[in-house]
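K.L.:
The structure that follows is given in the form of structure tokens.
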Amino acid sequence: MATRHSFFLSVELKATGNEARSALEAVQEKMGLRDQVSGLAREDLWEIDVDARTVEGARETIEQLVRTTNLFANPNKHKYTLANVGGAEPGAASWAAGLEGDEVAVLVTDRESTEGESVLSAIRRIGVDDVVSIRKWTRWRIRLAEPPTRGDTDVLALIRRIGVATGRRDGLLSNPHSQISRAVLPWGEEKVLAA
């Protein structure tokens, strides 16, 4: 009997990408946050649900898709990690996986994203029916000059200022009119930025 298993597939460029480099320059120079933000990285985060008898079988299905198709990653330019999130709805701790103590994350996805459905349709066309849902997020990892601490309201204000476009000079990573965004802190706490 098959059980639903949930995974996060994190895909990032092997080298620093131009998009992350340009975003860092905008945050540091145009937004004037050089003293608060020391780095910025971008990765694609795929939520993938698979019906399989075992978690190992589900993992093998995803790994085979990553290895044999270019739907998620190009092996010449990307590296990836795959993590099981235990079959339950992914929680904040899962979103924080891999964050360093001085990093926060901003998760962004389109409100009406069809990219996951498109990839799922392609997977079905090649005969893989046990993948049941896919959703793609962009995870921006923001390296702060100083590690954030619990209860520091200034950190959330900084993340919101960087993460949500509110004008020509404020906000960069998400458009609140067409995207959903969340802030994730290294200890797993999650805050909605734009719903």
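Just so we're aligned: 86 in numbering that gives the first Met the number 0 is position 87 of the sequence shown, and the numbers increase by one with no gaps anywhere.
We put the beta carbon where it would ideally sit given N, CA and C, even for glycine.
Remember, predicted model here, so these are calculated numbers, not experimental data.
(1) Since L98 contacts R140 with CB under 8 Å, what's their CB separation in whole angstroms?
(2) Within the same chain, show all residues whose beta-carbon is closer than 7 Å to that of V84, passing over the 5 residues directly before and after it, in chain order.
(3) Note down the Cα distance separating E55 from T80, rounded to an integer number of angstroms.
(4) Which value, in whole angstroms, describes the spacing of the CA atoms of L32 and T148?
(5) Assess, as a yes-or-no matter, whether the region 127-143 is touched by the region 153-164 under the definition of 3 or more beta carbon pairs within less than 8 Å.
(6) In angstroms with no decimal places, state the Cα-to-Cα distance between G126 and L171.
(7) My output table needs one value for V127: the three-state DSSP class, helix, strand or coil.
(8) If I measure Cβ to Cβ from H198 and keep anything under 7 Å in the same chain, skipping five residues before and after, which residues do I get?
(9) Alpha carbon to alpha carbon, what distance is there between R41 and D151?
(10) Using DSSP bridges, identify the partner residues of E189.
(11) For the beta strand (DSSP E) holding A40, just list the boundary residues, first then last.
(12) Sort L157, I61 and V36 by Cα distance to E46 and report the nearest one.
(13) Relative to the C-alpha of G38, which candidate in D153, A144 and V105 has its C-alpha closest?
P.N.:
According to the structure shown:
(1) Yes, L98 and R140 are in contact; Cβ-Cβ is about 7 Å, under 8 Å.
(2) Within the same chain, S5, F6, F7 and S93 come within 7 Å of V84 by CB-CB distance, once the 5 residues on both sides are set aside.
(3) 15 Å
(4) 19 Å
(5) yes
(6) If you take the alpha carbons of G126 and L171, they lie about 39 Å apart.
(7) coil
(8) Any answer about residue 198 is impossible in this case: the structure gives the chain only from 0 up to 194.
(9) 24 Å
(10) V183
(11) V36 to A51
(12) I61
(13) For the residues D153, A144 and V105, the minimum Cα distance to G38 belongs to A144.
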